[in-house]
Amino acid sequence: MNDIDFTLLAPRLEKHKGEAGSLIAVLQEAQELYGWLSPELLAHVAEETGIPPAKVMGVATFYAQFRLKPVGKNLILLCQGTACHVNGSAEIEKAVRDYLGVEEGEITPDGLFTYNSVACLGCCSLSPVMMINSKAYGNLTGAKTVEVLEKIKSGVDAK
Ligand code: FES
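Our numbering puts the first residue of the sequence shown at 736, with every later residue one more than the last.
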């Protein structure tokens, strides 16, 4: 797949630029955003950091925390930043987990969803926020969250 939106990763790469030994942190953040480390994503990280591709791949395969296999068709990012936390991110996470019936990082049996918790998504005024396939859903409640997921499941929204 060549439709990865690398712009999400750009600020994270910038943050770690020039930092010695930052590769693990960069890969963690990349995985947080995209759910898994695809070959295209690893190649992009190598290119942007100047770290040889073989080394990037070596680190990604060495640590068990890194997923080298795909996630569900729709990747849900649950914001756990301060503003979202204060405004009820726990309720949103519970609604997502109950609706999907899987744990963080797992794929639902129908292959449609995976969710991951992430740090601030950068749209705190909409908190609590979740992002699905690069689209932000804000001012969420548990009920509204389920509504969004149901729409996506029935093919009305997102991809
Ligand atoms: S804390 Fe959730 S978007 Fe900033």
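Glycine included, C-beta positions come from ideal geometry on N, C-alpha and C.
Here the structure is a predicted model, which means the values were calculated and not measured.
On the DSSP letters alone, give me the boundaries of the beta strand (DSSP E) that residue i sits inside.
i: C814; result: N809 to C814
i: V853; result: F848 to V853
i: K870; result: K870 to Y872
Between the options, which lies nearest to residue i when the distance is taken from Cα to Cα?
i: A755; options: A778, E775, I786 and A745; result: I786
i: Y798; options: E783, A745 and L772; result: L772
i: L884; options: L856, A854, C859 and T849; result: T849
i: T742; options: C819, L856 and Q815; result: L856
i: C814; options: K870, K790 and I842; result: K870
i: G909; options: S860, T817, K804 and G873; result: What is shown of the chain runs 736 to 894, which leaves residue 909 out entirely.
i: V806; options: L861, C858, S860 and E767; result: E767
Between which two residues does the alpha helix (DSSP H) harbouring residue i extend?
i: I887; result: G877 to K888
i: I867; result: Element bounds for I867: not the alpha helix (DSSP H) but the beta strand (DSSP E), M865 to I867.
i: Y834; result: S824 to L835
i: P746; result: A745 to H751
i: E841; result: First-last for E841: undefined, no H or E at that position.
i: A778; result: P774 to T784
i: Y769; result: L758 to Y769
i: K804; result: Note, K804: premise wrong, no alpha helix (DSSP H); not H, not E.
i: A755; result: Here A755 belongs to no alpha helix (DSSP H), and DSSP marks it neither H nor E.
i: T817; result: T817 to V821
i: T742; result: Per DSSP, T742 belongs to no alpha helix (DSSP H) and is neither H nor E.
i: V794; result: P788 to F797
With a threshold of 7 Å (Cβ to nearest heavy atom), would residue i be considered close to the ligand FES?
i: V817; result: At residue 817 the sequence reads Thr, which differs from the Val that was named. Flag set: Cβ of T817 near the ligand FES.
i: L768; result: no
i: V881; result: no
i: G823; result: no
i: V864; result: yes
i: L856; result: yes
I believe residue i touches residue j by the beta-carbon criterion, under 8 Å. Please report the beta-carbon distance rounded to the nearest angstrom.
i: A765; j: L776; result: 6 Å
i: V864; j: L875; result: 7 Å
i: N822; j: I867; result: 18 Å between Cβ atoms; not a contact.
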